[in-house]
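Residue numbers (the working numbering): 1 to 250.
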């Protein structure tokens with residue numbers, strides 16, 4: 001079965017927020033919760049500063065999702081087509097997935113009775129009906145493109161090459177943490193979009209330890225493991241920020 005994904009081309013985004021609206025209407029998310037959100041950034045300094053916008057997904061849909069292996073009740077799963085799905089009826093609100101995710105994706109809905117998780121599911125129900133995700137279906141510029149992951153990677157390489165150096169020579173998500181179904185290409189550095197530099201190794205090895213936990217007496221071990229994973233990713237971010245600051249001060 002083909003694996004599907006989403007290519008996000010930051011250079012094509014015009015900040016219309018059509019994707020945000022379509023996602024919110026389709027999924028009826030709680031007030032203040034967005035699974036897809038367009039954010040505005042600024043590159044450069046005055047008087048040459050340039051604003052730009054980017055649609056950011058609330059899930060990268062990892063090929064080897066740490067959240068899935070961390071969930072002790074099977075509320076999260078990886079569909080063959082590529083989506084990381086969520087079953088609220090199974091969720092116990094433990095928040096292990098929030099600690100395990102290197103992209104800090106899952107959001108806890110504090111207003112729900114059972115404290116359920118909020119995250120993009122790549123419109124898995126629409127995929128089953130041979131429809132593309134709601135966000136991609138309304139994007140007027142092609143900044144969001146849905147399709148088979150292999151084809152999207154080829155398209156991304158062509159766009160980068162055709163940009164004549166305008167784009168960063170990297171496809172974010174091709175190899176990060178083992179690869180993701182959501183891919184990004186951009187004319188600006190990915191760190192400025194909040195997409196941290198991550199290695200190519202999947203992070204499931206640490207989070208899988210949670211799956212074997214069966215009693216509350218050892219729940220603290222699970223918290224320690226996932227806490228270590230969280231600190232690992234945050235340390236990477238701080239290290240990168242410190243290096244950037246040091247370079248800027250020279």
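Note that CB positions come from ideal geometry on N, CA and C, so glycine has one too.
The structure presented is a predicted model; accordingly, all values stated were derived computationally and were not measured.
Quick check on the DSSP output: the beta strand (DSSP E) that includes residue 185 runs from which residue to which? It spans 182-185 - the beta strand (DSSP E) in which residue 185 sits, taken as one unbroken run.
Output the distance between the C-alpha atoms of residue 167 and residue 179, rounded to the nearest integer angstrom. Cα to Cα, residue 167 sits roughly 20 Å from residue 179.
Thinking C-alpha only, which one of 57, 201, 145 is nearest residue 104? It is 57 whose Cα lies nearest to the Cα of residue 104.
DSSP on residue 98, reduced to helix/strand/coil? DSSP, reduced to helix, strand and coil, places residue 98 within a helical segment of the structure shown.
Check residue 62 in the structure and name its three-state DSSP category. Reduced to three states, the DSSP call for residue 62 is strand.
Use the C-beta contact count for residue 200: other C-beta atoms within 10 angstroms, 16 or more gives buried, fewer gives exposed. Exposed, by the Cβ-count rule.
Nearest by alpha-carbon distance to residue 61: which of 196, 154, 123, 158 is it? It is 123 whose Cα lies nearest to the Cα of residue 61.
In terms of residue numbering, what span does the alpha helix (DSSP H) encompassing residue 152 cover? Start and end: 149-162.
Could you give the first and the last residue of the continuous alpha helix (DSSP H) run that contains residue 125? Counted as a single uninterrupted DSSP element, the alpha helix (DSSP H) harbouring residue 125 occupies residues 124-128.
State the DSSP-derived secondary structure class of residue 178, mapped to helix, strand or coil. The answer is helix: DSSP assigns residue 178 an H, G or I state.
Using 10 angstroms around the beta-carbon of residue 131, count the other beta-carbons present and answer buried if the total reaches 16, otherwise exposed. When all chains shown are included, residue 131 counts as exposed.
Taking residue 92 as the reference, which of 66, 99, 36, 115 has the closest Cα? It is 115 whose Cα lies nearest to the Cα of residue 92.
Between residue 8 and residue 153, which are expected to be in contact by the criterion C-beta below 8 Å, what is the C-beta distance as a whole number of angstroms? At roughly 13 Å, the Cβ-Cβ gap does not stay under 8 Å, so residue 8 and residue 153 are not in contact.
Cα separation between residue 15 and residue 41? Roughly 11 Å separates the two Cα atoms.
Can you tell me which of the three DSSP states residue 70 falls into? Judged by DSSP in its simplified three-state form, residue 70 adopts helix.
In or out: residue 215 buried (at least 16 other Cβ within 10 Å) or exposed? The pLDDT assigned to residue 215 is 37, lower than 50, so where the model puts this residue is not dependable; a value taken from the coordinates is nonetheless given after this. Taking all protein chains shown into account, residue 215 has fewer than 16 neighbouring C-beta atoms within 10 Å of its C-beta and is therefore exposed.
Check residue 11 in the structure and name its three-state DSSP category. In the structure shown, residue 11 falls within a helical segment according to DSSP collapsed to helix, strand and coil.
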